[in-house]
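Below is one structure, written out as structure tokens; comments come after it.
Residue numbers (our numbering), protein chains in the order written: chain A, 1 to 127; chain B, 128 to 392.
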């Protein structure tokens with residue numbers, strides 16, 4: 001085993017140990033999935049020729065590329081999706097904060113006939 | 128007043144001096160301002176409220192740590208009112224302006240003598256930190272009363288003390304905005320703007336932070352409105368420079384615009 005492989009194994013098992021210690025009581029299923037994926041990664045680190053054999057089977061030259069291509073594609077997609085989710089969450093927060101601000105706006109007096117649930121935005125100023 | 132290439136003829140008779148028909152709505156975001164600056168800005172507006180034909184300030188406190196209270200603001204008169212709304216958390220200047228916009232448009236009657244659709248003759252956006260002058264807000268409102276849909280302030284035609292570094296950034300921003308909006312305006316990201324009611328209704332702000340300035344121009348450009356530029360004077364002080372946009376804010380603005388382009392409407 002090379003020094004690089006050894007360092008990678010230390011990193012993988014270090015992360016698993018840390019997450020196991022900090023997340024054990026909260027997200028058991030997600031933790032098991034992470035452990036499974038990381039163990040799979042560790043196998044390919046220890047036996048890189050297995051990855052190369054799989055790569056050759058599908059017409060890719062190197063084992064590392066066989067693992068890297070789908071990983072990068074998945075990460076890019078995940079990054080875009082989480083950006084979109086963050087924007088949507090931000091829009092929801094903005095909407096809630098704005099509605100609250102308008103309902104609580106000071107120096108507005110509700111106009112006659114305005115529905116009570118929209119007192120702030122349908123209010124008028126008095127002289 | 129300078130009509131831009133996208134502007135059609137301004138039909139109202141010129142009225143460079145004298146009082147406005149009014150009343151005018153001022154949309155003013157504020158966030159952790161320099162102590163006293165907000166009071167001074169509102170005090171000046173109050174002092175000159177009659178010349179606007181009445182002023183209603185829609186003040187939006189964008190989650191200031193030291194919340195703004197009506198009791199601390201200049202007293203209201205028959206011609207000067209303040210409507211105060213508070214964001215419970217800080218969202219950004221664009222979000223605060225949008226809250227002010229919605230509040231101002233939702234006012235059925237600003238002054239009891241006026242009919243619903245004629246509540247305000249103009250809507251002006253203005254900073255609370257004292258950078259902007261009351262006289263310039265009036266000039267923008269006048270441009271709208273004279274027929275412009277949107278009046279943008281141009282700090283380079285007024286008596287502004289723009290620092291060299293900021294000037295260079297604004298020149299770059301100007302070219303960028305010209306490229307993406309098609310509006311040939313001489314100033315970029317100037318917080319002094321005037322709108323007619325129809326124009327304001329067509330300019331909802333989705334950008335919570337500083338990119339709203341470019342977003343407003345994009346919407347104005349797409350709606351083919353009558354646009355004018357009005358000389359204004361922006362006063363930079365150590366405090367306003369420390370609190371205002373950094374020269375590197377451009378990168379954040381570009382990032383926000385790109386995200387809106389990718390995931391927005």
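Cβ coordinates follow ideal geometry from the N, Cα and C atoms, glycine included.
Which chain B residues sit within Cβ distance under 7 Å of residue i?
i                      : result
residue 100 of chain A : 215
residue 87 of chain A  : 386, 390
For residue i, name the three-state secondary structure that DSSP assigns.
i                      : result
residue 380 of chain B : helix
residue 106 of chain A : strand
residue 214 of chain B : strand
residue 53 of chain A  : helix
residue 247 of chain B : coil
residue 5 of chain A   : helix
residue 40 of chain A  : helix
residue 364 of chain B : coil
residue 385 of chain B : helix
residue 146 of chain B : coil
Applying the 10 Å Cβ sphere with the 16-neighbour rule, what's the burial state of residue i?
i                      : result
residue 297 of chain B : buried
residue 199 of chain B : exposed
residue 14 of chain A  : exposed
residue 82 of chain A  : exposed
residue 290 of chain B : exposed
residue 131 of chain A : Since the displayed chain A opens at 1 and closes at 127, residue 131 of chain A lies outside it and no answer follows.
residue 351 of chain B : exposed
residue 343 of chain B : buried
residue 320 of chain B : buried
residue 153 of chain B : buried
residue 73 of chain A  : exposed
Against chain B, with Cβ distances strictly below 8 Å, would residue i count as a contact?
i                      : result
residue 128 of chain A : Absent from the model: residue 128 of chain A. The displayed extent of chain A is 1 to 127, so no value can be given.
residue 77 of chain A  : no
residue 22 of chain A  : no
residue 92 of chain A  : no
residue 50 of chain A  : no
residue 34 of chain A  : no
residue 84 of chain A  : yes
residue 27 of chain A  : no
Would you say residue i lies against chain A (beta-carbon separation less than 8 Å)?
i                      : result
residue 208 of chain B : yes
residue 226 of chain B : yes
residue 187 of chain B : yes
residue 335 of chain B : yes
residue 230 of chain B : yes
residue 297 of chain B : no
residue 154 of chain B : no
residue 345 of chain B : no
residue 340 of chain B : no
residue 172 of chain B : no
residue 222 of chain B : yes
Determine the chain B residues that contact residue i at a beta-carbon separation under 8 Å, and present them in chain order.
i                      : result
residue 104 of chain A : 212, 213
Taking Cβ-Cβ distances shorter than 7 Å, what residues in chain A pair up with residue i?
i                      : result
residue 268 of chain B : Ordered by position in chain A, no residue passes the 7 Å Cβ test against residue 268 of chain B, which lies about 18 Å from the chain.
residue 218 of chain B : 94, 97
(request) Closer than 7 Å, Cβ to Cβ, to anything on chain A: give me those residues from the stretch 194-206 of chain B, in chain order. (result) Listed by position, the residues of the stretch 194-206 of chain B near chain A (Cβ gap below 7 Å) are 197, 205.
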